[in-house]
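Quick notes on the structure that follows.
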Amino acid sequence: MRAYLLLFLVAGAVTYLLTVVAREIALRTGAVARVRDRDVHDEPIPYLGGLAMLGGLGAAYLVARHMPFLTESQPFVVHDAGVVLIAGALICAVGVIDDIFELDALTKLGGQVLAVSVLIYFQIQYTFITWSDGSVFTLDLAQGALLTGIVVVATINAVNFVDGLDGLAAGVVGIGAVAFFLFSYELTRANGLSHATTAALLSASLAGACGGFLVHNWHPARLFMGDSGSMLIGLVLSASAVSLSGQFSSEQLTEGAGGARASLLPTLLPVLLPVTILIVPFTDLVLAVVRRTRAGRSPFAPDKMHLHHRLLEIGHSQRRAVLIMWLWAALIGFGSVLASLYTGPWMWGGVAAMVVVTLALTFLLPKVSAPGHPAQGALAVNPSERH
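If you're matching positions, the sequence shown starts at 5 in the working numbering and goes up one per residue.
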């Protein structure tokens, strides 16, 4: 655990420091988010936060290469993490070009597919799924590649879609990375396996990078991650889940010392986790596609009807809307991990309590803090924070 904590701190510190450099590069290259009707910021903000996050991930990887715990116990751990970073650097480069010159959606999709191809070429893809009765469904190369491509590309675009408020995407993905780190670490512990996994390495580093970037990206943001950042962290989060599928045999996970299999089967969660953790942005993505196609528009045509826009409309401030989205991400991410690894009334009671609190804060808090309500003085935010 201490090794992963060090990677978290290294990624966070380096990202925090490099954000200043990325901001200067963005200003010099003209990679600036200008104010549009569908945006919630009211002044131009530099892009290219993804460069700082890539630097933080790279620094954590270099430190990991000198950790005997990671390099000696499982030789493929650091190798696979390096492949993910190469794919991440490729998708980040596509995002940088888009942040400066605004690429069309089809070109960006091509870059995403190319980055996923790097993962598949080096055999970082789904390999098997174990069902609740212990039977194993083995994926051939074509099936694994197709499933990997769908999950990774969908995750990249879901993160890109949710990147609409200061700190939103970095917070949601950071929470997801922490949840998946805990899942992968606890899964290996319960089954008596080595704690050294690519999934834990990447998710700890990703959580640190998101945390370091959030210091600069919290409202009012001094820097946006842009497509260079949103596509990068979407790829790394989904690739960390994919990597776990190929680093253990089905027998290890179903016959391990701890017998960790529970109601939702932990060997299935690496396939579902990017979807479960990002269910809020995925829902937003699906609703946006349906909404735009029904109106006869392109599914990639921008609008101002995303979930975070709706939270602003019902009375939340920008900061509070972000915190509410974080709560939903935490509820779904940590709830999925708990339900996958544990059983018992305490687990379901804890999840139910989280649901009640999240629903109350989402829908009751705007009414309590509305103008004229007795509690307004305690709960209202500065009107200058509303956009």
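For each residue, glycine too, the CB sits at the ideal point set by N, CA and C.
Since this is a predicted model, take the numbers as computed values, not measurements.
With contact defined as three or more Cβ pairs closer than 8 Å, the region 152-159 and the region 318-328 are not in contact. Per DSSP, D144 is not a residue of any alpha helix (DSSP H), being assigned neither H nor E.
A straight-line Cα-Cα distance of about 20 Å links M71 and S247. Secondary structure of A35 (DSSP, three-state): coil. In the DSSP assignment, W352 falls within the alpha helix (DSSP H) that extends over 349-367.
With a minimum length of 4 residues, the unbroken runs of alpha helix (DSSP H) contained wholly in the region 39-126 fall at 53-68, 72-75, 80-105, 109-125.
Take the alpha-carbon of A7 and the one of I90: they are about 22 Å apart. Excluding sequence positions up to five before and after A200, its CB lies within less than 7 Å of the CB of F73, L74, S77, Q78, V81, all in the same chain and listed in chain order. No Cβ-Cβ contact shorter than 8 Å links A208 with L61. Secondary structure note for H220: its alpha helix (DSSP H) is the uninterrupted segment 202-221. Out of R298, E190, F165, L335, the CA that lies nearest to the CA of L365 is found in L335. Going by DSSP, I128 is part of no alpha helix (DSSP H) at all; its letter is neither H nor E. For F126, the closest C-alpha among the options W330, A109, L145 is that of L145. Restricting attention to F185, A85, L107, V163, the CA atom closest to the CA of I283 is found in V163. Of I179, G354, V360, I237, the smallest CA-CA separation from L327 is found for I179.
DSSP places L331 in the uninterrupted alpha helix (DSSP H) bounded by 322-345. Our two residues, A97 and F165, have alpha carbons roughly 19 Å apart in a direct line.
Proximity to D167 across V67, A37, L118, V122 peaks at A37, based on C-alpha coordinates.
For A357 and L186, the gap between their C-alpha atoms comes out near 20 Å.
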